[in-house]
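The opening residue of the sequence shown carries number 1 in the numbering used here; numbering runs sequentially from there. Glycine residues also receive a C-beta, built at the ideal position from the N, C-alpha and C atoms. Below is one structure, written out as structure tokens, with a few remarks after it.
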Amino acid sequence: MCQRLTHSGTLELPMPSCVPFEQLQIGQTASLGKTITEADILLFSAVSMDTNPVHLNEELAAETLFKGRVAHGMLCGSLISAVLGTVLPGLGTIYLTQSMRFRAPVRIGETVTAVVEVAALDHARKRATMRTRCLVRGKVVIEGEAVVIPPGEAVVAAAETPRAAE
Numbered sequence: 001m002c003q004r005l006t007h008s009g010t011l012e013l014p015m016p017s018c019v020p021f022e023q024l025q026i027g028q029t030a031s032l033g034k035t036i037t038e039a040d041i042l043l044f045s046a047v048s049m050d051t052n053p054v055h056l057n058e059e060l061a062a063e064t065l066f067k068g069r070v071a072h073g074m075l076c077g078s079l080i081s082a083v084l085g086t087v088l089p090g091l092g093t094i095y096l097t098q099s100m101r102f103r104a105p106v107r108i109g110e111t112v113t114a115v116v117e118v119a120a121l122d123h124a125r126k127r128a129t130m131r132t133r134c135l136v137r138g139k140v141v142i143e144g145e146a147v148v149i150p151p152g153e154a155v156v157a158a159a160e161t162p163r164a165a166e
């Protein structure tokens, strides 16, 4: 079951949402936070096949400009996908493009907050351009832009329809 957005501002919903294009407004924001763990890095390395020692080997990573291990940039950036796909616009969103600029490293134990903001609306094509950022302690570590197709009314209606007990 999804909740609909009926106001502008920051969403802080405990459950997934579905915000159709017609309900989006410039300036709406949503965010999700996650503390990066050792397990996250190991699992992301396995799934992505990115076994760069800067993520996995403290001794070798200490010799880099980061002076120690850092999380994969794409691991942190994937939190943007979580916000877009589950909160704003939410369930049923189709991700078309994403640009990212990596500004600072993220270390194990740091909490990354992914923030998306509706930056522009293309009414003719029913697409939304979203400003995207990831922050650690208020500092931008990733910034960029995404273009998405928000869920249509049919997706929202289906998500709001209670399922029969299986």
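query, result
"For Q23, three-class secondary structure by DSSP", "helix"
"Range of the contiguous beta strand (DSSP E) that encloses G85", "Careful: G85 lies outside any beta strand (DSSP E), inside the alpha helix (DSSP H) at 73-86."
"Per DSSP, cross-strand counterpart(s) of G90", "C18"
"S17 vs G90 beta-carbon contact at 7 angstroms", "yes"
"Residues that V112 bridges to, as DSSP identifies them", "K34, V136"
"Through-space distance from I26 to V147, alpha-carbon basis", "14 angstroms"
"Burial state of S99 (16 or more Cβ within 10 Å)", "exposed"
"Cβ-Cβ separation, I142 to T93 (assumed contact under 8 angstroms), whole Å", "So it is not a contact: roughly 19 angstroms between Cβ atoms."
"DSSP-derived helix/strand/coil call for L65", "coil"
"Where D40 falls: helix, strand or coil (DSSP)", "helix"
"Residue of L65, L84, V54, T37 minimising C-alpha distance to Q28", "L84"
"Nearest-angstrom Cα separation, counted from I36 out to P151", "29 angstroms"
"At least three beta-carbon pairs within less than 8 angstroms, the stretch 101-110 to the stretch 131-140", "yes"
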